[in-house]
Structure formats: structure tokens, C-alpha cells
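**Student:** Using my numbering, the final residue of the sequence shown is 210, and nothing's skipped along the way.
One structure, as C-alpha cells, below. Some questions next.
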Amino acid sequence: MIILRDVTRTYRLGSRQVRALDRVTLTVAEGEFVAVVGPSGSGKSTLLHVISGIDRPESGEVLVAGTAIAQRSENDLARWRGQTVGIVFQFFQLLPTLTAVENVALPMELRGDSGGDYRNRARRLLAQVGMSARVDHLPSELSGGEQQRVAIARAIANRPSLLLADEPTGNLDADSGAEVLSLIRQLHSRGMTVVLVTHDPRIAAQAERVVHIFNGRIVERH
Ligand SMILES: Nc1ncnc2c1ncn2[C@@H]1O[C@H](COP(=O)(O)OP(=O)(O)OP(=O)(O)O)[C@@H](O)[C@H]1O
Ligand SMILES: [Mg+2]
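See the structure below:
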């Protein structure tokens, strides 16, 4: 599902260079559930951005679900992402002027698949993440944990084959964190490939494989 070969991504800040990913090579099989752990600033979010094609490395190869990211235009990638990849961002990135149900329905509307009835499907997804009572709230009227749950519902709206989740339980209390994790495990058991970034070793322990990242470099342990 995911093949990264020798991927390097360097950020330049004035004269300073930060090597966020340093010759990263990683393979994730279809249907696998992989956790990525590592200290703050080690490159975890950058890794997810590179896998989803939101960010492009300056060298190396990125192949995701048969798509060579480097060979696709931005428009092409955006369409591909909308169909294939669900992303839960570290800082939610919900649209502030849309309600919870509108945020979740948006990817379905953008894809425009048949069946319609996006609002009702969005409501059902929100019910799955325990947000039935908040469907008409704006993000600014939701707590961090509630926004996170809306972001998860939005990420799975188009039933992506790959779910990338950046600290999806980072803003949740223990109970809602456990619920979100069990939802992710359910999706995985139905065949979804999952890459989950977390600081929490107890959450990482629930994945099939844990990938450690330090200073932009991957160290795998089994
Ligand atoms: N847009 C950017 N411009 C400059 N430097 C960046 C940018 N994005 C990330 N970096 C740097 O790249 C490195 C990796 O960042 P990244 O966000 O991937 O870390 P992370 O592992 O997700 O950290 P955290 O656990 O705090 O979210 C950091 O040193 C960060 O400062
Ligand atoms: Mg991060």
C-alpha cells in the first residue's frame, strides 16, 4: 500500500536547514495497522504529509496505492486523495464556517458519488464517533476532543482504503480516546490500512507494528 524509498525532506528557515525526513525507507502492506512513534520534531507529521502527497520530498520515491506521488499534478493528487486517503490532521483543520455535519458531508459532496443523501450519511458517521448531540455545532462551539471526533468522521466519510491519523487521541480524555481507538481498530479489521502517529506507547501497542522515528530517521522494532 505504501512504499517510501530513500525519502528526504529538508526545510529551510533562513540559513538554517532542518532535515525533517532523512533517507526514510518504509513499506506498509495493504491492510496493515502501523503506529509511528517518536519525540516532538522527529518528523512524524512530515512523514504523513509526504505519504498523502500534501508535501513533496526533494528526493526519494513515494508510491501509495499504486500512485507515484511525484508524477502527479496537484489537482490530480487532490482528487486521488479524496477517493483513497482519509487524513486526521494533528490540528483538526475543520472548516470554521461549516457545522459538524457539513464538515463531514463535504468530502462526499466533493467526490459527488452516487447515492447522495450526504447529510444523513454524515449524521450516521457522527453517531459512530459519539457526536450525535453536536451535529449542528460550528467547530468554534466544540471542545478540542469533539473537533477531533468530527475530524475522524470526516476522514472516513469516503471509506478510504488508507487512513492516516496524526495524534488522533492526543486531545481526548481516556474514555473518548479509547472509543476513537476502538473505532480505528474496527475500520482496520474491515480491511483499511492504518498509519497512526502517537506519543502514547499504550496506543502504539495496539498496532500490528511500531515504527520509531528519531531525527527524521526510521528505526523499526518488532
Ligand atoms: N513548514 C516547515 N518549515 C520549517 N520547518 C518545519 C516545517 N514543518 C516542520 N518543520 C520542522 O521539521 C521537523 C519535523 O517536524 P514534524 O512536524 O514532522 O515533527 P513531529 O514529529 O510531527 O512533531 P510533533 O510531535 O511535535 O508533532 C521539526 O524540526 C520542525 O521544526
Ligand atoms: Mg506532528
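No residue lacks a Cβ here, since even glycine has one placed at the ideal position from N, Cα and C.
None of these values were measured; they are calculated from a predicted model.
Could you name the residues of the same chain whose beta carbon sits closer than 7 Å to that of aspartate 43, not counting the 5 residues immediately before and after it, in chain order?
**Tutor:** Contacts found: Arg(-3), Thr34, His37.
**Student:** So what's alanine 211 in DSSP terms, helix, strand or just coil?
**Tutor:** Given that the chain is displayed from residue -11 to residue 210, the structure contains no residue 211 and the question cannot be resolved.
**Student:** Can you find a C-beta in chain C that's less than 9 Å from the C-beta of leucine 35?
**Tutor:** Of the protein chains in the structure, only one exists, and it is not chain C.
**Student:** Check each candidate in Gly158, Leu51, Arg99, His125 and name the one with the smallest Cα separation from arginine 111.
**Tutor:** Selected option, being the one with the closest Cα: His125.
**Student:** In terms of alpha-carbon separation, which member of Gly74, Leu175, Ile140, Arg190 lies closest to phenylalanine 21?
**Tutor:** Of Gly74, Leu175, Ile140, Arg190, the residue nearest in Cα terms is Leu175.
**Student:** If you check the beta carbons only, do glutamate 155 and glutamine 78 fall under 9 Å apart?
**Tutor:** Contact flag set, yes.
**Student:** May I ask you to report which of helix, strand or coil DSSP gives histidine 37?
**Tutor:** It is helical.
**Student:** State yes or no: is the C-beta of isoleucine 191 within less than 9 Å of the C-beta of valine 199?
**Tutor:** No. Outside cutoff.
**Student:** In terms of residue numbering, what span does the beta strand (DSSP E) encompassing alanine 153 cover?
**Tutor:** Its beta strand (DSSP E) spans residues 150 to 154.
**Student:** Looking only at C-alpha atoms, which of Ile57, Asn146, Asn159 sits nearest to histidine 187?
**Tutor:** It is Asn159.
**Student:** If you follow the beta strand (DSSP E) that serine 47 is part of, which residue opens it and which one closes it?
**Tutor:** From DSSP, the beta strand (DSSP E) with serine 47 extends over 47 to 52.
**Student:** Does the beta carbon of glutamate 196 fall short of 8 Å from some heavy atom of ligand 2?
**Tutor:** Result no, Cβ not under 8 Å from ligand 2.
**Student:** Going by the C-beta, is histidine 187 closer than 8 Å to any heavy atom of ligand 1?
**Tutor:** At least one heavy atom of ligand 1 is nearer than 8 Å to the Cβ of histidine 187, so yes.
**Student:** Check whether the region 71 to 85 touches the region 142 to 154, taking contact to mean three or more Cβ pairs, one atom from each stretch, closer than 8 Å.
**Tutor:** Result yes; three or more Cβ-Cβ pairs closer than 8 Å.
**Student:** Cα separation between proline 127 and leucine 98?
**Tutor:** Whole-angstrom Cα-Cα distance: 20 Å.
**Student:** Under three-state DSSP, which class holds glutamate 208?
**Tutor:** In the structure shown, glutamate 208 sits in a strand (DSSP, three-state: E or B).
**Student:** Can you tell me whether arginine 173 is helix, strand or coil according to DSSP?
**Tutor:** Correct three-state label for arginine 173: helix.
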